[in-house]
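*Asks:* Quick one: the structure is below, and I'll ask about it shortly.
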Amino acid sequence: MISIVLCLISLITILATNATANTGVVDARAIALHAPARFSPTDDWDENDIIITKETPLYDVNESLYAFCFDLKNQATEQTAYIVVSLSNDDFPIIMYSPQGVSPYYDMSTENTAVFCLPEIFILIPVVITLL
């Protein structure tokens with residue numbers, strides 16, 4: 081009986097953690113889609129023309145999801161940009177922003193992930209992800 085209760089508590093904790101992470105991802109996407117119109121040095125970025133072309137999860141050294149790197153495209157002008165948005169409540173939401181170009185992760189295969197080690201230093205390592 082105790083085993084069943086412990087399993088249920090673990091499952092509830094996992095589901096709650098996933099719901100919180102998903103909410104953080106939705107907020108991070110919203111920040112990514114609105115940032116170029118507010119921070120770009122030109123007026124070429126309109127929020128209605130911005131799409132996310134790639135979304136790369138970034139992990140800390142404890143293998144916890146820490147941030148997302150979003151590669152963006154302006155559909156009206158074909159310009160590209162990228163932004164790294166933190167999921168941590170302890171940081172400013174925008175860790176890095178480039179008003180032009182693609183991120184270092186843009187051509188990265190799906191077999192890799194990025195690990196956040198120190199501010200502005202990311203290391204790529206191979207991982208195996210098993211989806212249930």
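For what it's worth, this note's numbering labels the leading residue of the sequence shown as 81, then goes sequentially. No residue lacks a Cβ here, since even glycine has one placed at the ideal position from N, Cα and C.
1) How many whole angstroms separate the CB atoms of valine 130 and leucine 152, which I take to be in contact at a CB cut-off of 8 Å?
2) Which residues in the same chain have their Cβ closer than 6 Å to the Cβ of valine 164, if we skip the five residues on either side of it in sequence?
3) Whole angstroms are fine: how far does the CA of proline 121 sit from the CA of alanine 101?
4) For proline 116, count neighbouring Cβ atoms within 10 angstroms of its own Cβ and tell me buried if that reaches 16, exposed if not.
5) How close, in whole Å, do the beta carbons of isoleucine 132 and arginine 118 come, if the pair is a contact with beta carbons under 8 Å?
6) Within 10 angstroms of its Cβ, does threonine 136 collect 16 or more other Cβ (buried), or is it exposed?
7) Who are the near neighbours of phenylalanine 172 in its chain, counting only those whose CB is closer than 8 Å to its CB and skipping five residues on each side?
8) Between which two residues does the beta strand (DSSP E) harbouring valine 164 extend?
*Replies:* Walking through what the data contain:
1) Residue 130 sits at position 50 when you count from the first residue of the sequence shown. Residue 152 sits at position 72 when you count from the first residue of the sequence shown. This sequence places isoleucine at residue 130; valine is not what is there. Yes, they are in contact, since the Cβ atoms of isoleucine 130 and leucine 152 sit about 6 Å apart, within 8 Å.
2) The residue given as residue 164 occupies position 84 in the sequence shown. Cβ within range, chain order: Ala147, Cys149, Ile175, Met176.
3) Here residue 101 corresponds to residue number 21 of the sequence shown, with the count starting at 1. Here residue 121 corresponds to residue number 41 of the sequence shown, with the count starting at 1. Note that alanine 101 scores 49 on pLDDT, short of 50, meaning its location in the model is unreliable and no value can be drawn from it.
4) Translated into positions along the sequence shown, residue 116 becomes position 36. Burial call: buried.
5) The residue labelled residue 132 in the question sits at position 52 within the sequence shown. The residue labelled residue 118 in the question sits at position 38 within the sequence shown. Contact flag wrong, Cβ pair sits at about 16 Å.
6) Your numbering for residue 136 matches position 56 in the sequence shown. Threonine 136 should be labelled buried.
7) The residue given as residue 172 occupies position 92 in the sequence shown. So the qualifying residues of the chain are Ser166.
8) Numbered from 1 along the sequence shown, position 84 holds the residue referred to as residue 164. Unbroken beta strand (DSSP E) run through valine 164: 160-166.
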